[in-house]
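Under my numbering, the sequence shown has 8 at position 8, and the numbering climbs by one with no breaks. Yeah, the Cβ is synthetic: ideal placement off N, Cα and C, and Gly gets one too. None of the values given here were measured: they were computed from a predicted structure.
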Amino acid sequence: MSNVRSVHVELGDRSYDVLVGSGVRSELAAMLPKSARRAAIITQTGIPLAVDPGIPHEVFVIGQGEEHKSLATIETLCRGFANMGLTRNDVIIGLGGGMVTDIAGFAAASWHRGMAVVHVSTTLVGMVDAAIGGKTGVNLPEGKNLVGAYWQPSGVLCDLDALATLSPREMRCGMGEMAKYHFLAGDDLLSLELVDRIARCAQIKADIVGVDEREGGRRALLNYGHTLAHALEIVGDFSLAHGEAVAIGLIYAAHLGYELGRISRARVQQHYDVVGGLYELNTSLPEFDHQMLLGLMGRDKKALDGLTFVLDGDNGVEVVAGVPDDAVLNALRSMAEA
Ligand code: GLY
Numbered sequence: 001m002s003n004v005r006s007v008h009v010e011l012g013d014r015s016y017d018v019l020v021g022s023g024v025r026s027e028l029a030a031m032l033p034k035s036a037r038r039a040a041i042i043t044q045t046g047i048p049l050a051v052d053p054g055i056p057h058e059v060f061v062i063g064q065g066e067e068h069k070s071l072a073t074i075e076t077l078c079r080g081f082a083n084m085g086l087t088r089n090d091v092i093i094g095l096g097g098g099m100v101t102d103i104a105g106f107a108a109a110s111w112h113r114g115m116a117v118v119h120v121s122t123t124l125v126g127m128v129d130a131a132i133g134g135k136t137g138v139n140l141p142e143g144k145n146l147v148g149a150y151w152q153p154s155g156v157l158c159d160l161d162a163l164a165t166l167s168p169r170e171m172r173c174g175m176g177e178m179a180k181y182h183f184l185a186g187d188d189l190l191s192l193e194l195v196d197r198i199a200r201c202a203q204i205k206a207d208i209v210g211v212d213e214r215e216g217g218r219r220a221l222l223n224y225g226h227t228l229a230h231a232l233e234i235v236g237d238f239s240l241a242h243g244e245a246v247a248i249g250l251i252y253a254a255h256l257g258y259e260l261g262r263i264s265r266a267r268v269q270q271h272y273d274v275v276g277g278l279y280e281l282n283t284s285l286p287e288f289d290h291q292m293l294l295g296l297m298g299r300d301k302k303a304l305d306g307l308t309f310v311l312d313g314d315n316g317v318e319v320v321a322g323v324p325d326d327a328v329l330n331a332l333r334s335m336a337e338a
């Protein structure tokens, strides 16, 4: 195998590597803990890669769609683990996109109070974000990812062979997250070849997770563009995919930054140039009721001190708490009229 990049996530005795490249799934057996005698592979139908863990294993296929990202799915999986006699010395493998790795990670955090998990990420969003950093969890009817745990994988494989079959929409979703990294690091990611681009995003995330695993501070920056994005996903009943919503959320964050006097008009335009121009993503605010969006943004998990956003400014991107309702609504209006 050539052209493989390795990114290290430094977390002391829980450190691990992320391998990025075509065919890296062949490294799976080598990445499993030596204690593992059996593996539970959690996946979905239609995942374009098959993996060989090199040890006896059972495959658990979970449903498609956010409604299956639930505690009921975790219960079904854990009952399956009980039936196969999975022990805490064994290993869970998450094979799929962000939904699969979030569920596999949470099942691993919960089963026997915690066991090893290795992720084989098959989507661009998963490779640059979801599979790395140990955020795991499921949804409740009341909101996305409300129940979960920080549970780091023992390793992550980002096999680029999986990307060949991704739909244009799934690729766009990954591009939405990549556009976010563009503003976090100021890099021209698009000038890099794909393997380096994905590895660079993974490295930016690894560096942030390495200093703030549990989002006490810097990790919140990874939510740039996400406050409106989460509200748009909910109000639209998930008709907008996450990365598409993040692209719109980045533009909104720029409008709000301008409304609060944090950035110039030219910097707002740069957001349009990057998100809409370079990354060719939709930047228009869908026609949802603004009061409803305001209410949903107030329920965001970051909102510890009033309405809280990650916003650009003179010091770069930072968390801003206590944003007034009027500013939020004015920014929605100016984006809708742009
Ligand atoms: N997706 C944001 C994070 O992992 O912190």
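- Between the segment 220-230 and the segment 196-203 there are fewer than three inter-stretch CB-CB distances shorter than 8 Å, so the stretches are not counted as touching.
- Between V268 and A327, the alpha-carbon positions lie close to 16 Å from each other.
- According to the DSSP assignment, T73 belongs to the alpha helix (DSSP H) that extends over 71-84.
- For A206, the enclosing alpha helix (DSSP H) starts and ends at 194-211.
- Collapsing the DSSP output to three states places K180 in a helix.
- For A231, the uninterrupted alpha helix (DSSP H) run begins and ends at 226-235, by DSSP.
- Ligand 1 approaches G133 closely enough that one of its heavy atoms is under 6 Å from the residue's Cβ.
- Take S284, set aside five residues on each side of it, and the residues of its chain with a beta-carbon closer than 8 Å to its own are I248, in chain order.
- H230 is the residue among S239, Y258, H230 whose C-alpha sits nearest the C-alpha of V246.
- When C-alpha distances from L157 are compared across G96, L11, E259, the shortest belongs to G96.
- Per DSSP, the unbroken alpha helix (DSSP H) holding S110 starts and ends at 98-110.
- Annotation for D17: the continuous beta strand (DSSP E) segment containing it runs 16-21.
- Separation of Q291 and V320 (C-alpha to C-alpha, rounded to the nearest whole angstrom) is 20 Å.
- In the assembly as shown, V310 is a buried residue. Its beta-carbon has 16 or more other beta-carbons within 10 Å.
- In the three-state DSSP reduction, G133 falls in the coil class, being neither helix nor strand.
- Excluding residues up to 5 positions away in sequence, A29 lie with their Cβ nearer than 6 Å to the Cβ of G54 in the same chain.
- Within the segment 251-294, the complete alpha helix (DSSP H) segments of 4 residues or longer fall at 265-272, listed in chain order.
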